[in-house]
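Which chain is which? The protein sequence lines are A and B, in order.
Heads up, the final residue of the first sequence is numbered 391 in the working numbering, and it's a clean run with no missing numbers.
Heads up, the final residue of the second sequence is numbered 391 in the working numbering, and it's a clean run with no missing numbers.
2 protein chains.
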Amino acid sequence: MDDLPKGFRAGAAAASFKKPGRDDLGLIVSDRPCVLAGMFTQNVFKAAPVLVCQEILARYGTARAVLANSGQANACTGEQGLADCRATQAMAAEAIGLAPHEILPLSTGVVGAPLKMDLWRAAVPALAQSLGSRDAEGFTRAFMTTDAFPKFAARELALSGGTVRLTVMAKGAGMICPNMATMLCVALTDASVARAPWQAMFGRAVEKTFNRVSVDGDTSTNDTILGLANGASGVAARNTADLTLLEEALTAILGTVAHMLVMDGEGAKKVIHISVTGAADDADAARVARSVGHSQLVKTAIYGGDANWGRIVTAVGYSGARFDPAQVGLRLCGVERFCKGRPVNDDQEEKLAELLKARDVTVDISLGDGPGTYVLQASDLGHEYVTLNSDYRS
Amino acid sequence: MDDLPKGFRAGAAAASFKKPGRDDLGLIVSDRPCVLAGMFTQNVFKAAPVLVCQEILARYGTARAVLANSGQANACTGEQGLADCRATQAMAAEAIGLAPHEILPLSTGVVGAPLKMDLWRAAVPALAQSLGSRDAEGFTRAFMTTDAFPKFAARELALSGGTVRLTVMAKGAGMICPNMATMLCVALTDASVARAPWQAMFGRAVEKTFNRVSVDGDTSTNDTILGLANGASGVAARNTADLTLLEEALTAILGTVAHMLVMDGEGAKKVIHISVTGAADDADAARVARSVGHSQLVKTAIYGGDANWGRIVTAVGYSGARFDPAQVGLRLCGVERFCKGRPVNDDQEEKLAELLKARDVTVDISLGDGPGTYVLQASDLGHEYVTLNSDYRS
């Protein structure tokens, strides 16, 4: 596919961390140092690889490689987990001829499970051997867990000095909640960009994309986004116009991948697009959107194709946002069902039942005439979620 | 069964509000005025009967009867809903010879659905005719919705002046979240008690009971607890000792009924007993307990009998409470699995799998050495919840 930016190579190997026969270890290496950006989980229990990535970002601000595994999250594993994480950096560093602190570790899988170091030792040489692919999919598949499909996207972008490429690879299907850093995601570019604007544009882009999706309201211990810019294109994003173009492209591509996460939300069948307007401020609009997007009763109704709009209004009512209930309105799939605190269009139920069969369902909530707005994409809640999560570890 | 307190009679009738052939309209009447206590939902969208009960409590402080229906919640129904609610009071008042403001309305069912007034008009005469039962179960069955069993309890209590009876009838299986008033619940006593201590003991008892159970984190528009004390026993609870006895009995009986609600939590198979100790204060302990008790990932793991304790620690970590992660400990079904921020007893997995087959599962979380504590009972999340809620209206 050749969809990685210039100067990056990928590899993957099967270490049998959880099940044999599938790649569960991935590696991406840049042929030169990359300017690094990073955002991390706000969970108090930060996984060992999160702590190590934060340390690299703060102390060096550059890196050369990303080393990712599925199967064990190496979270809540104490000092031993941290030592294990550093040992995997050292193993990979030796195999590919880099310094350990040039390698960014990412782990996902069962929380509390320690890394299986013997399997790491056996697999790292094969991983180093596999390096050479210019394909984003192989690495992306290596850090999938309950993901039903690999999530990546790539695009080219014309800056004033020439063309650069932006490639994003992510994993995530459960333990996903907005307003936190996010799941695992690696964004690569061959543009040359300075550290401060690169980090700043990640902060803004994530706030508009990953922070506005929700699967289950659970915030993982391992959420990490890494941005690596290696400049191998020879094209710099330096002036305001180029930085703005790069940020717009980054926001768009992260938005694409974030939508994939919700679509795949642990057995989700539908994506609920929640839009809130007229709130006192954006924070209140966000409270309402999250209250609706996290409501088990709303999510099961949408799953069942039941136009039970009263549950949506109920979730608005307990959100904690300030508003006048007599001013609230609701449109479900474009059909107005609640206006100024009263039900309307009772005769539209059949039409709504038909509209609710679609995969994408819109919920538009108007709280009044305030300036606050928010949008959130949430997954539904069905039998598949329960099946996937009631026995995840075995 | 003769389990109502002295001076109360009950009745029920089938109005065919949702399905024909089952009682969906209930009435309780006292032969004399009752001192009234009440607690109500904190949802901004308060159902019409909630508004009417609040008005009666504030303006009169006494009542003679409770009129309850299932099938329609009469919430989010605007001015028409309020007018309909008052019309049902008037109908019942005429049929049994009381003033409308002596009749407390309670509604439950689909939010947004208006009352079916023609069915009310047809059923109220039969409801008045049915009055005479001294049995708590008939009334309780009339306001059941997805409840798998009727929830009521009665007990006698010796005060200094003689014996009084306390009877509690409740409904609720979904849209249940702590820290709010609660689902529908009627508590009757034939003790004589003044208004201020009666209301105050309800506030304290509800905080210790209904506010500490969670099914799905959704707070209904209709939550109401009513307490009616008619004094028909001739025994007064007036001195501190008697008031304390009455409050202890009330707390115990509300606790019994609250446990029934969680046990029946919309298809729940298990009750998760979450205890948090060592928090900075009780509010932080409550944050942790609710974060764990509302986590879809924790609830599905417990449903599946999977000892996935990492999900519990993860939910502790995103609760927003203040604590040192290196001091946190966790016991699951009594087995310590996490101690001072590290996993312990990896070899206890088989034993845990066996313990997790029980209906009651204990989760004990220690955050440090602070004085804050909280307990919460939460239901699990399984296929039955999804099935019940994905097509509730039909």
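Cβ coordinates follow ideal geometry from the N, Cα and C atoms, glycine included.
**Message:** Would you say A:L378 lies against chain B (beta-carbon separation less than 8 Å)?
**Reply:** yes
**Asked** Quick one, which residues of the region 291 to 303 of chain B are near chain A if we go by CB-CB under 7 Å, in chain order?
**Response** S292, Q293, L294, T297, A298, Y300, G301 and D303
**Item:** Contacting residues, own chain, Cβ-Cβ under 7 Å from A:F42 (five flanking each side not counted)
**Value:** A72, C73 and T218
**Message:** Can you pull the chain A neighbours of B:P102, defined as C-beta to C-beta under 7 Å?
**Reply:** Within chain A, no residue comes near B:P102; the closest Cβ sits about 18 Å away, beyond 7 Å.
**Asked** Does DSSP put B:T179 in a helix, a strand or coil?
**Response** Low per-residue confidence applies at B:T179: pLDDT is 40, beneath 50, and the placement is therefore not dependable, though the value from the model is reported in the following sentence. Reduced to three states, the DSSP call for B:T179 is coil.
**Message:** Does any residue of chain A have a CB that is nearer than 8 Å to the CB of B:V203?
**Reply:** no
**Item:** Residue environment, A:M88, which counts as buried when at least 16 other CB atoms sit within 10 Å
**Value:** buried
**Message:** Taking 8 Å as the threshold (beta carbon to beta carbon), is B:Y315 in contact with chain A?
**Reply:** yes
**Request:** Under the assumption that A:L181 contacts A:G169 (Cβ atoms under 8 Å), give the Cβ distance between them as a whole number of angstroms.
**Result:** 7 Å
**Prompt:** Going along the chain, which unbroken runs of the alpha helix (DSSP H) with 4 or more residues stay wholly within the region 297 to 330 of chain B?
**Reply:** 306 to 314
**Asked** Going by other Cβ atoms of all chains shown within 10 Å of its Cβ, with 16 needed for buried, is B:A283 buried or exposed?
**Response** buried
**Message:** As a quick exercise: from A:V107, A:T311, A:Q293 and A:V232, pick the residue whose alpha carbon is nearest that of B:V383.
**Reply:** A:Q293
**Prompt:** Under the three-state reduction of DSSP, which class applies to A:A96: helix, strand or coil?
**Reply:** coil
**Message:** Using a Cβ-Cβ distance cut-off of 8 Å, determine whether A:A72 contacts chain B.
**Reply:** yes
**Message:** What are the residues in the region 41 to 58 of chain A lying within 9 Å of chain B by C-beta distance?
**Reply:** V41, F42 and K43
**Asked** Alpha carbon to alpha carbon, how far is B:A411 from B:L95?
**Response** In the structure as shown, chain B begins at -2 and stops at 391. Residue 411 of chain B is therefore absent and cannot be evaluated.
**Item:** Rounded Cβ spacing between A:R287 and A:L373 (contact assumed at less than 8 Å)
**Value:** 7 Å
**Message:** Rounding to the nearest angstrom, what Cα-Cα distance links B:G129 and B:E381 in this structure?
**Reply:** 37 Å
**Segments assigned alpha helix (DSSP H), at least 4 residues, entirely inside the region 231 to 294 of chain B** = 237 to 260 and 279 to 291
**Prompt:** Is it buried or exposed for B:Y371, if we count other Cβ within 10 angstroms and need 16 for buried?
**Reply:** buried
**Prompt:** B:A188 and B:V161: beta carbons closer than 8 Å?
**Reply:** yes
**Message:** Quick check on B:C174: does DSSP put it in helix, strand or coil?
**Reply:** Reliability of the predicted coordinates at B:C174 is poor, the pLDDT of 46 falling under 50, and no value is obtained from them.
**Range covered by the beta strand (DSSP E) that runs through A:Q374** = G369 to S376
**Prompt:** So what's B:F136 in DSSP terms, helix, strand or just coil?
**Reply:** helix
**Cβ neighbour criterion (16 or more within 10 Å) applied to A:N208** = buried
**Prompt:** From A:A9 to A:F136, what distance separates their C-alpha atoms?
**Reply:** 6 Å
**Asked** Just to check, is the beta-carbon of A:N208 closer than 7 Å to a non-hydrogen atom of the ligand ATP?
**Response** Questions concerning the ligand ATP fall outside what the structure shown contains, since it holds no ligand whatsoever.
**Prompt:** Where B:A45 and B:D239 are concerned, what is the direct C-alpha to C-alpha distance, given to the nearest angstrom?
**Reply:** 36 Å
**Asked** Shorter than 8 Å from the beta carbon of A:W117 to some beta carbon of chain B?
**Response** no
**Message:** Just to confirm the assignment: which complete beta strand (DSSP E) runs, minimum length 3, are found wholly within the region 103 to 131 of chain A?
**Reply:** none
**Item:** DSSP bridge partner residues for A:C31 (one or two, in chain order)
**Value:** A:A60
**Item:** Residue from A:A123, A:N227, A:V183 and A:A323 with nearest C-alpha to A:G338
**Value:** A:A323
**Span separating the alpha-carbon of B:D20 from that of B:A276** = 47 Å
**Request:** Can you have a look at A:P368 and say buried or exposed, based on whether 16 or more other CB atoms are within 10 angstroms of its CB?
**Result:** exposed
**Item:** A:S67 - containing alpha helix (DSSP H), residue span
**Value:** Note, A:S67: premise wrong, no alpha helix (DSSP H); not H, not E.
**Asked** Do you know offhand how far A:T253's Cα is from A:P122's?
**Response** 34 Å
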